[in-house]
Structure formats: structure tokens, C-alpha cells
Amino acid sequence: MNERHILNPTTPEHRHLQNRESLREAHLELVKAARHELAVATPALEISIWNSAAMGEAIGHFLARHPRNRARIVIEDTEQMLAYCPRLVELTRRYSDLLHIRRLGDAHRGLAEMFVLADRDSCLLQTDIRLVDATLDLAAPRVAAPHVQRFEQIWDSSDPIAGLHGFRL
Numbered sequence: 003m004n005e006r007h008i009l010n011p012t013t014p015e016h017r018h019l020q021n022r023e024s025l026r027e028a029h030l031e032l033v034k035a036a037r038h039e040l041a042v043a044t045p046a047l048e049i050s051i052w053n054s055a056a057m058g059e060a061i062g063h064f065l066a067r068h069p070r071n072r073a074r075i076v077i078e079d080t081e082q083m084l085a086y087c088p089r090l091v092e093l094t095r096r097y098s099d100l101l102h103i104r105r106l107g108d109a110h111r112g113l114a115e116m117f118v119l120a121d122r123d124s125c126l127l128q129t130d131i132r133l134v135d136a137t138l139d140l141a142a143p144r145v146a147a148p149h150v151q152r153f154e155q156i157w158d159s160s161d162p163i164a165g166l167h168g169f170r171l
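Printed below as a string of C-alpha cells:
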């Protein structure tokens with residue numbers, strides 16, 4: 003992981019990711035570097051990334067760090083997430099006011115790209131989730147801005163997932 007970004011978050015950095023390990027590390031780095039907001043749009047979650055103990059811990063720490071921190075995830079294949087990402091599902095139930103997961107709306111079905119945004123100024127972009135080829139841009143609000151705008155459009159047309167935020171006594 004690149005500790006330089008965490009120590010100096012105003013230094014822009016661009017990386018091209020070409021293997022699964024660097025993609026996994028970039029996801030984790032971005033979640034750990036987030037200070038206030040996380041946003042994810044994807045057709046399907048990569049189980050080895052999003053159901054890992056390290057990611058669960060990173061998301062849990064992010065949400066617990068400040069009462070105003072928020073994470074939003076929009077995903078098309080919610081059945082896959084519910085079946086194979088129990089750590090994320092449990093976090094969603096535990097932090098139901100802070101972590102929201104919704105299903106892609108009809109207008110965005112068939113989404114091929116995946117992007118993760120942190121604090122509206124850093125982003126991880128994978129233009130086709132079937133390929134590892136991705137970019138990570140840290141402290142780069144101009145690069146992140148169009149993805150932030152696109153995420154808001156996707157979020158506004160997304161649908162709640164029935165049963166995900168159920169009450170537990």
C-alpha cells in the first residue's frame with residue numbers, strides 16, 4: 003500500500019493497475035484513505051476483495067471513525083452479494099444508517115464498469131470488470147468529478163434491496 007498518500011493526501015497520484023493483486027490493494031488503500039465518504043458502482047462485487055477480512059475491517063473502521071461518515075454501494079448482481087459477501091451484508095445491517103447498498107435501476111442495467119470514489123477527490127476506475135486493467139487516482143478531484151456526477155445519477159435511479167436492512171433484536 004502507498005503510505006505517502008495517507009501522510010500527504012493533497013499530492014495527486016495516478017497509477018495503472020494491471021494485475022489482481024494491485025487491484026485488490028488499490029481497493030483497500032482507497033477505503034483506508036477515505037475520510038468522509040465512499041461510493042461504489044459496479045455490476046458485481048469481486049468476492050475476494052469485498053468479502054475479505056481486511057476489507058471488512060477497513061470499512062468498519064471507516065464507518066466507526068466519525069458519525070457523519072457514509073458509504074453507498076450500487077450493484078446490479080445483488081443476489082451474488084447477498085450469497086457470497088456475508089461480511090459486507092453484516093456491516094450493512096450493523097451500520098444501517100451509515101452503509102447503504104442499493105440495486106442498479108433499470109436505466110443503468112448492463113453496467114460494465116466499476117468505480118470506487120473516496121471523498122469525491124480520489125477514484126478507482128475499472129472500465130470493464132471482466133478485465134483487470136484499471137486506474138487509481140488519489141487526491142485528483144478533476145479526475146474524480148465526472149465519476150462523482152455519474153455515481154449520483156446512478157444512485158438517484160437505484161432501488162432498495164428488500165430485506166437487507168431488516169431489524170434485528
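For the sequence shown, my numbering assigns the number 3 to the initial residue and increments by one for each residue that follows.
The C-beta atom is built at its ideal place from N, Cα and C for all residues, glycine as well.
In the same chain as R17, and ignoring 5 residues on each side of it, the C-beta atoms closer than 6 Å to its own belong to L138, in chain order. Here the alpha carbon of A164 sits roughly 16 Å from the alpha carbon of P88. T44 carries a strand assignment under DSSP once its states are collapsed to helix, strand and coil.
Around the C-beta of A35, 16 or more other C-beta atoms lie within 10 Å, and the residue is accordingly described as buried. Secondary structure within the region 31 to 91: the alpha helix (DSSP H) runs of 4 or more consecutive residues, fully enclosed, are 49 to 52, 55 to 67 and 80 to 86 (chain order).
When only Cα atoms are considered, A147 and D99 end up about 25 Å apart. Counting along the chain, A136 sits inside the beta strand (DSSP E) bounded by residues A136 to L140. A straight-line Cα-Cα distance of about 31 Å links R111 and H63. In this structure, DSSP gives I103 an extended state, which the three-state scheme calls strand. Just so you know, the alpha carbons of L93 and I77 end up roughly 16 Å apart.
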